[in-house]
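Here's the structure we're looking at; comments come further down.
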Amino acid sequence: MREIILKIEDLHKFYGKLHVLKGINLEVAKGEVISIIGPSGGGKSTLLRCINLLEDYQRGKILFKGEPIAHKNVNRIRTQIGMVFQQFNLFPHLTVLENLTLAPLKVKRMPKDVAYEKAKALLERVGLLDKIHEKPANLSGGQQQRVAIARALMMDPELMLFDEPTSALDPELVKEVLDVIRDLVRSGMTTIIVTHEMRFAREISDKVVFLDDGKIVEVGSPEKIFTQPDNPRTREFLRHFLSV
Amino acid sequence: MPEWLKVVLDNLPALLKGAVSTLQLTSLSVLIGLAIGTFVGMGRLSRHRAFRYPASIYVEFIRGTPLLVQLFLVYFGLPELGLRFDRFTAAVVTLGINSGAYVAEIVRAGIQSVPRGQYEAARSLGMTHGQAMLYVILPQAFRNILPALGNEFIALTKESSLATVIGTVELMRSAQYIVSRTFLSFPVYGGVALIYFLITFTLSRLVRFAESRLRV
């Protein structure tokens, strides 16, 4: 059996009185690709953000390679968990190169020339080597998101979290970002992705999680979830979603 | 040459020396104000009460009391408690502490103007709170607040003339000496106004230049 890299146990999250995550249990094995789908406001992004503790939670445990993630070890663990945001969140005052090398230089104390070579290799991989000295404002949304992925990869993460990575993009720019993610997933990267791109989720995932109203309603293989889901809510969501 | 012009020209070296002193006074105060303001501005936004409360008290107290009173308090009051400054140091310290409160509010607004996602992206890469502030948030915050900081420094330049009351020799004080000897108030104070204007005008141009250089 493959190593369990992430384990979420009975996770509860409240915003004041609002109960947004109601007992989430999930295991992610090394190399596994998991898509989280479900209606807006169902808690998908919140769940993802709880993993690297961008959100606090009130009950439950999240273990990364067997170690509980807490505020005292979170900076170290975050270097091993890459995150890509819906709004890219590139640092606008820095060039593409500086965006990539900032954390490796300051957090990992990577030598400058090593960081530079690594940045070049990753930009090559996402097809943006020619933009290395540009500022983010001079890039399209799709290009910015590819840079954001490269930035996360600079830290050599063992797990990648994608929070609706294409939701803020113009339709014609979605494909270039999905291509990069697909390439990454095929290279064996352990991945959790929150997405509304159902066809993509079906194509790349080992497991699809349907999350609604703070609960995991159904988990299964993409074939199962997308063709014959057990739960009526999953069926309803997909019927509605795939018809538009 | 009219008499008044001759007096102004004769005393120009003394006035310019005063202007240099004003520039020294102001720039030292600005540095102190910036240092205090940056930390207090961050303190105002801290999650911890131990930082937030003192920062708020400082800002409210300084903004709620006249600079004139603060100058008297530092120069005449503190010696009674055993803390004695010379006139120039007292002026620098008071103006710096005073400006720090205003800069703190500007810095606070600047930090809040940077989208939350920037901080989250920095932290998600493993940076500490301090690293995220230093490398990601503050550089963007300062770019956003440059015009406001420029205004504050211009205001401080003008307010530095108040240091006259504790006898600090700067531009305004120099002018008073000259007037007391020559009894030519209008030309001398007119010249002083012009020099202040030249300083503040240059400052505002410099700020605008820096703004255009820092634009993304």
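Chains as they are written, first to last, in our numbering: chain A, 9 to 252; chain B, 64 to 279. The beta-carbon is built from N, C-alpha and C at its ideal position, and this holds for glycine as well. Every value quoted in this text rests on a predicted model; they were computed, and no experiment measured them.
At least one CB of chain A closer than 7 Å to the CB of Met190 (chain B): is that the case? Taking Cβ atoms only, chain A reaches closer than 7 Å to Met190 (chain B), which makes this a yes.
Along chain B, in chain order, which residues have C-beta atoms closer than 9 Å to that of Phe93 (chain A)? In chain order: Gly180, Glu183, Ala184, Ser187.
Under 7 Å Cβ to Cβ from Ser237 (chain B), same chain only, skipping five residues before and after it: list those, please. For Ser237 (chain B), where only same-chain residues beyond five positions count, the Cβ hits under 7 Å are Ala77, Leu78, Lys80, Gly81.
Across which residues does DSSP place Thr198 (chain A) in a beta bridge pair? Paired residues: A:Leu167.
Scan the region 77 to 129 of chain A and note each continuous alpha helix (DSSP H) run of 4 residues or more that stays entirely inside, going in chain order. List check, alpha helix (DSSP H) in window: 82 to 86, 104 to 114.
Distance between Thr263 (chain B) and Phe148 (chain B) (C-alpha atoms, nearest Å): Between the alpha carbons of Phe148 (chain B) and Thr263 (chain B) lies a gap of roughly 28 Å.
Under a CB-based cut-off of 7 Å, is Val199 (chain B) close to chain A? With 7 Å as the cut-off, Val199 (chain B) counts as an interface residue toward chain A.
Which residues in the same chain as Gly159 (chain B) place their Cβ atom closer than 6 Å to its Cβ, once the five residues preceding and following it in sequence are excluded? If we look at Gly159 (chain B) and ignore the five residues flanking it on each side, its Cβ neighbours are Ser92, Ile95, Gly96.
Opposite His253 (chain A) in the DSSP bridges: which residues? The shown model of chain A, from 9 to 252, leaves out residue 253 (chain A), and the question about it has no answer.
Would Pro202 (chain B) pass as an interface residue toward chain A - the criterion being a Cβ-Cβ separation below 7 Å? Taking Cβ atoms only, chain A reaches closer than 7 Å to Pro202 (chain B), which makes this a yes.
Residue nearest to Val199 (chain B) in terms of C-alpha spacing, selected from A:Val122, A:Leu169, A:Phe99: Residue A:Phe99 holds the alpha-carbon nearest to the alpha-carbon of Val199 (chain B) among A:Val122, A:Leu169, A:Phe99.
Counting only the same chain and skipping the five closest in sequence on each side, list residues whose C-beta sits under 7 Å from that of Thr89 (chain B). Counting only Cβ-Cβ distances below 7 Å, and skipping sequence neighbours, we find Leu219, Thr220, Ser223.
Kindly indicate which three-state DSSP category Leu201 (chain B) falls into: helix, strand or coil? In the displayed model, Leu201 (chain B) falls within a helix according to three-state DSSP.
Please report the residue range of the alpha helix (DSSP H) in which Ser267 (chain B) lies. Taken as a continuous stretch (DSSP letters only), the alpha helix (DSSP H) holding Ser267 (chain B) covers 248 to 277.
Is Leu269 (chain B) buried or exposed, if buried means 16 or more other CB atoms sit within 10 Å of its CB? With fewer than 16 Cβ atoms within 10 Å of its Cβ, Leu269 (chain B) is classed as exposed.
Exposed unless 16 or more other CB atoms sit within 10 angstroms - verdict on Gly196 (chain A): So Gly196 (chain A) ends up on the exposed side.
Rounded to a whole number of angstroms, what is the C-alpha to C-alpha distance between Gln153 (chain A) and Leu136 (chain A)? In a straight line, the C-alpha of Gln153 (chain A) is about 11 Å away from that of Leu136 (chain A).
At least three beta-carbon pairs within less than 8 Å, the region 151 to 167 of chain A to the region 42 to 56 of chain A: Segments in contact, no.
Reduced DSSP category for Lys15 (chain A) - H, G, I as helix; E, B as strand; rest coil: DSSP places Lys15 (chain A) in the strand class (E or B) of the three-state scheme.
In terms of DSSP beta bridges, what is Gln43 (chain A) paired with? With the sequence shown as reference, residue 43 (chain A) is identified as Ser, and Gln is not the correct amino acid for it. Ser43 (chain A) pairs with A:Ile201, A:Val216.
Of the choices A:Ile224, A:Thr103, A:Val217, whose alpha-carbon is the least far from that of Gln32 (chain A)? What sits at residue 32 (chain A) in the sequence shown is Ile, not Gln. The option with the nearest alpha carbon to Ile32 (chain A) is A:Ile224.
Considering only DSSP beta bridges, list what Ile224 (chain A) is partnered with. BP columns for Ile224 (chain A) point to A:Leu219.
Proximity winner among A:Asn97, A:Ile140, A:Gly39, relative to Glu183 (chain B) (alpha-carbon distances): Checking every option, the nearest Cα to that of Glu183 (chain B) belongs to A:Asn97.
Report the partner residues of Val36 (chain A) according to the DSSP bridge assignment. A:Leu14, per the DSSP bridge assignment.
CA-to-CA distance, Arg186 (chain B) to Glu63 (chain A), given in whole angstroms: If I take the Cα positions, the gap works out to 12 Å.
Check for me: the alpha helix (DSSP H) holding Lys80 (chain B) runs from which residue to which? Boundaries of the alpha helix (DSSP H) around Lys80 (chain B): 75 to 107.
Can you list the alpha helix (DSSP H) stretches of 4 or more residues lying completely in the region 143 to 197 of chain B, in chain order? As summarised for the region 143 to 197 of chain B, the continuous alpha helix (DSSP H) elements at least 4 residues long and confined to that stretch are 150 to 176, 179 to 187, given in chain order.
Note down, in chain order, every chain A residue with its Cβ under 8 Å from the Cβ of Arg58 (chain B). Residue 58 (chain B) falls outside the range modelled here, since chain B spans only 64 to 279, and no answer is possible.
What did DSSP end up calling Glu233 (chain B) once you bin it into helix, strand or coil? Coil, per DSSP.
For Phe124 (chain B) and Ser109 (chain B), what's the separation of their Cα atoms in angstroms? Straight across, the Cα-Cα distance linking Phe124 (chain B) with Ser109 (chain B) is about 19 Å.
How about Gln239 (chain B): is its C-beta nearer than 7 Å to some C-beta of chain A? Chain A, which has no Cβ nearer than 7 Å to the Cβ of Gln239 (chain B), makes this no.
Given that a residue counts as buried once 16 or more other Cβ atoms are within 10 Å of its Cβ, and exposed if not, what is Ser213 (chain A)? Buried, since its Cβ has 16 or more Cβ neighbours within 10 Å.
Give the residues from the region 113 to 146 of chain A that approach chain B closer than 7 Å (Cβ to any Cβ), ordered along the chain. From the region 113 to 146 of chain A, only Lys114, Val115, Lys143, Ala145 have a Cβ closer than 7 Å to chain B.
If you draw a straight line from the C-alpha of Asp221 (chain A) to the C-alpha of Leu29 (chain A), how long is it? Straight-line Cα distance between these residues: approximately 8 Å.
If we define contact as Cβ-Cβ less than 7 Å, is Gln194 (chain B) a contact residue for chain A? At a cut-off of 7 Å, the C-beta of Gln194 (chain B) has a neighbouring C-beta in chain A.
Assign Asn161 (chain B) to buried or exposed, taking buried as 16 or more other Cβ atoms, counted over all protein chains shown, within 10 Å of its Cβ. Taking every protein chain shown into account, the CB of Asn161 (chain B) has 16 or more other CB atoms within 10 angstroms, so this residue is buried.
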